[in-house]
Ligand SMILES: *Cc1c(COP(=O)(O)O)cnc(C)c1O
């Protein structure tokens, strides 16, 4: 399979290069030249398969030509060391719980898969140079990437995060690991961290002296494996006869997750419609309404992993639909929620349904409630993080003291190790060069 850049100014490339590079040289995002399909009959048999079996079918369709099948299978099985159960929350509203991985957020799937695939290609291409992964985080990406790459030979991860702006639970998940993970605390905002990473990628001296890549959802190996669990959700609902008219609601920030869902649909997964659930950062909703895309600086909300003002995977969605606005609005609906809405939903669903939502999942749930499902339709929203990751917010909303799962508590007992820098580039650069 060849991969092309959404900007179409770079040559087509192979999977290994797309994964090692991350971004295309013309700054576009890589897309597979074609989307393989999976037989309807195979999809209908998935209700009797395990998550790993399902994921292996999807992975083989995409990556099978470019990797040895035993190696691919090992990567898939190793990635999915946890389940993604579907649970009924309300009458015809279900949730796909994606927070049972090591850092309790859905990003574990993509981060673990990418780490393993990258290691495979480094070994295969005989690359002796250390690969340095730079990642800016407002919380969840850093923890998933750091834990996904922990101990992977030949790769060093630098996590840049804004001082005092990530929750203590999140911070402990990437500052206590040691080994090949270096946490860098920046005296600034998330945007400053992101700017430093971007500057590093364009700095010619740095790029001559060291191999840099990113682990954001721009990377094919990070976002595409997320399509596995859409098939799994379908299979679980199909088992109870609930998958005929599926509406899938995705709490969205950079839109990697939703894009993976669209890939699953293009591969043949029967989904009737997707919903992009947003917080106040609603540039995508505005695009759906007007056909005009106007990126703008993000605003802080309770659902902070969705505080994105210029979603990087938007170009992939445009590309998938050949830039046809009408086709996009036909397949994707949009809703947006304020902090007050999010708080009201968390309270309401906890009291009426006994289900504890996190602020991101709350947007996903509420979008299905507002979509007004037909009796023949089933709604499923992706619960992207465990509520304990946002304990401060959830506790205040519910006036409660929610429990922190044991393996999150374990992180918090570790010793914080990080290096501190200001937001100017020179200090960070000379540190990298050492
Ligand atoms: C990253 C994240 C999102 C947004 O996912 P995208 O793929 O960037 O759209 C939603 N919820 C949580 C908890 C996240 O960590």
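Numbering (the numbering used here), first residue to last: 2 to 435.
A virtual CB, placed ideally from N, CA and C, is assigned to each residue, including glycine.
Every value quoted in this text rests on a predicted model; they were computed, and no experiment measured them.
Could you compute how far the alpha carbon of residue i sits from the alpha carbon of residue j?
i, j, result
"residue 101", "residue 383", "13 Å"
"residue 282", "residue 127", "43 Å"
"residue 377", "residue 94", "12 Å"
"residue 37", "residue 107", "24 Å"
"residue 375", "residue 248", "10 Å"
"residue 234", "residue 8", "33 Å"
"residue 85", "residue 231", "10 Å"
"residue 14", "residue 411", "42 Å"
"residue 312", "residue 371", "24 Å"
"residue 207", "residue 428", "13 Å"
"residue 256", "residue 179", "30 Å"
"residue 334", "residue 289", "8 Å"
"residue 157", "residue 342", "40 Å"
"residue 245", "residue 336", "23 Å"
"residue 271", "residue 373", "20 Å"
"residue 129", "residue 435", "18 Å"
"residue 415", "residue 187", "21 Å"
"residue 202", "residue 50", "42 Å"
"residue 52", "residue 79", "12 Å"
"residue 139", "residue 265", "28 Å"
"residue 173", "residue 407", "14 Å"
"residue 316", "residue 89", "33 Å"
"residue 82", "residue 189", "36 Å"
"residue 227", "residue 205", "33 Å"
"residue 273", "residue 332", "8 Å"
"residue 199", "residue 287", "27 Å"
"residue 4", "residue 424", "35 Å"
"residue 141", "residue 223", "14 Å"
First and last residue of the beta strand (DSSP E) that includes residue i?
i, result
"residue 214", "212-215"
"residue 329", "From DSSP, residue 329 is part of no beta strand (DSSP E) but of the alpha helix (DSSP H) over 326-332."
"residue 408", "Run containing residue 408: none in the beta strand (DSSP E); it sits in the alpha helix (DSSP H), 407-414."
"residue 134", "132-137"
"residue 35", "That residue, residue 35, is in no beta strand (DSSP E); it is neither H nor E in DSSP."
"residue 173", "Run containing residue 173: none in the beta strand (DSSP E); it sits in the alpha helix (DSSP H), 169-176."
"residue 309", "That residue, residue 309, is in no beta strand (DSSP E); it is neither H nor E in DSSP."
"residue 187", "182-187"
"residue 274", "274-279"
"residue 384", "379-384"
"residue 163", "156-163"
"residue 303", "Here residue 303 belongs to no beta strand (DSSP E), and DSSP marks it neither H nor E."
"residue 293", "From DSSP, residue 293 is part of no beta strand (DSSP E); its letter is neither H nor E."
"residue 96", "94-98"
Can you name, in chain order, every residue of its own chain whose Cβ lies under 7 Å from the Cβ of residue i, other than the five neighbours on each side?
i, result
"residue 409", "105, 170 and 389"
"residue 143", "136, 160, 162 and 175"
"residue 220", "20, 23 and 115"
"residue 74", "57"
"residue 64", "16 and 73"
"residue 210", "434"
"residue 310", "282, 284, 296, 297, 298 and 299"
For residue i, I'd like the list of residues in its chain whose CB is within less than 6 Å of its CB, leaving aside the five on either flank, ordered along the chain.
i, result
"residue 183", "159"
"residue 77", "56, 57 and 60"
"residue 303", "340, 343, 360 and 394"
"residue 45", "none"
"residue 369", "94, 250, 380 and 382"
If I measure Cβ to Cβ from residue i and keep anything under 8 Å in the same chain, skipping five residues before and after, which residues do I get?
i, result
"residue 404", "389"
"residue 392", "168, 170, 403 and 405"
"residue 1", "In this structure the chain extends from 2 to 435, so residue 1 is not present and cannot be described."
"residue 253", "259, 277, 278, 279, 285, 307 and 312"
"residue 251", "258, 259, 262, 275, 276, 277, 278, 365, 382 and 383"
"residue 153", "116, 117, 119, 120 and 181"
"residue 432", "185, 420 and 422"
"residue 131", "155, 156, 157, 211 and 212"
"residue 43", "58"
"residue 166", "139, 190 and 191"
Which residue marks the beginning of the alpha helix (DSSP H) containing residue i, and which one marks its end?
i, result
"residue 89", "Counting along the chain, residue 89 falls outside any alpha helix (DSSP H), though it belongs to the beta strand (DSSP E) covering 87-89."
"residue 142", "141-150"
"residue 349", "340-354"
"residue 429", "426-434"
"residue 119", "108-125"
"residue 234", "228-240"
"residue 3", "Per DSSP, residue 3 belongs to no alpha helix (DSSP H); it is in the beta strand (DSSP E), 3-6."
"residue 420", "Not the alpha helix (DSSP H): residue 420 falls in the beta strand (DSSP E), residues 420-422."
"residue 70", "70-80"
"residue 55", "52-64"
Is the number of C-beta pairs between the region 341-355 and the region 232-239 that are closer than 8 Å three or more? no
Does the region 107-119 come within contact of the region 193-200, defined as at least 3 CB pairs closer than 8 Å? no
Three or more beta-carbon pairs under 8 Å between the region 352-364 and the region 318-334, yes or no? no
For the region 145-159 and the region 245-263, state whether three or more C-beta atom pairs, one from each stretch, are separated by less than 8 Å. no
Are the region 296-305 and the region 63-81 touching, with three or more C-beta to C-beta distances below 8 Å? Short answer: they don't touch.
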